[in-house]
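> Residue numbers (this note's numbering): 45 to 238.
Even for Gly, the Cβ is constructed at its ideal location relative to N, Cα and C.
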Amino acid sequence: MDISNQANLPTKFGNFIIQSFRESVAKNDGCSCDVEHLVVMTKELGAIPLVRVHSECLTGDVFSSMKCDCGDELQIAMKRISKEGGMIIYLRQEGRGIGLFNKINAYNLQDKGYDTVEANEALGFKSDNRDYTIVGKILKYFNIEKIRLLTNNPRKVEEISRFVNVERDSILATPNEYNKHYLQIKKTKLGHIL
Ligand SMILES: [Zn+2]
Numbered sequence: 045m046d047i048s049n050q051a052n053l054p055t056k057f058g059n060f061i062i063q064s065f066r067e068s069v070a071k072n073d074g075c076s077c078d079v080e081h082l083v084v085m086t087k088e089l090g091a092i093p094l095v096r097v098h099s100e101c102l103t104g105d106v107f108s109s110m111k112c113d114c115g116d117e118l119q120i121a122m123k124r125i126s127k128e129g130g131m132i133i134y135l136r137q138e139g140r141g142i143g144l145f146n147k148i149n150a151y152n153l154q155d156k157g158y159d160t161v162e163a164n165e166a167l168g169f170k171s172d173n174r175d176y177t178i179v180g181k182i183l184k185y186f187n188i189e190k191i192r193l194l195t196n197n198p199r200k201v202e203e204i205s206r207f208v209n210v211e212r213d214s215i216l217a218t219p220n221e222y223n224k225h226y227l228q229i230k231k232t233k234l235g236h237i238l
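#1: Which residue comes first and which comes last in the alpha helix (DSSP H) that contains T103?
#2: Starting from N152, trace the alpha helix (DSSP H) both ways and give me its first and last residue.
#3: DSSP three-state call for H225: helix, strand or coil?
#4: Look up Q137 in the DSSP assignment and say whether it is helix, strand or coil.
#5: Does DSSP classify T86 as helix, strand or coil?
#6: Alpha helix (DSSP H) containing T252: first to last residue?
#7: Is the closest heavy atom of ligand 1 to the C-beta of K87 under 8 Å?
#8: Would you say I120 and L82 are within 9 Å of each other, going by their C-beta atoms?
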């Protein structure tokens, strides 16, 4: 893991410090590629830092897509963390780990009536391909042993509990007409607490 220097990042939600963690990931074809993750944190982390482990969603985070709740969740997290202290660990695992290209193909299937889980499976992927190993390394780097984790995803709580003591704090975006069905599937098929 390579670790960048820190820099200041003033945002609409407050002033943060930004730092990048680069990991070398082996791909199926045998070659490896560099994945560049990001930590966006407050100067004071607080006694029990509030942490959002956010997987990249280019369509939601940048293009304000209403198909999912990622963009809203990221903004809620930034607002709360800037007030309470903590960090966003922004993981570059797009589309629950299947990548941007495959995610767009999955969206095409969703336009034809597949739900988010069925679409991933029709393309030959698991419903959730994400890996949180790097989170353990990042939290260890900052000597963090206990966190308040902003998530509705029990699998994420379980995975990250392997590295640190986790207290769950829920994060609820307001549903809209386009993501109502998606949120329902997250609840029924992926076990999210919504
Ligand atoms: Zn999303």
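The structure says:
#1: Where T103 is concerned, the enclosing alpha helix (DSSP H) stretches over 102-105.
#2: Counting along the chain, the alpha helix (DSSP H) containing N152 begins and ends at 144-155.
#3: DSSP places H225 in helix when its eight states are reduced to three.
#4: Coil.
#5: In the three-state reduction of the DSSP assignment, T86 falls in the coil class, being assigned neither a helical nor a strand state.
#6: The chain is shown only over 45 to 238; residue 252 falls outside these bounds and no answer can be derived.
#7: No, the beta carbon of K87 sits no closer than 8 Å to any heavy atom of ligand 1.
#8: No, the Cβ-Cβ distance between I120 and L82 is not below 9 Å.
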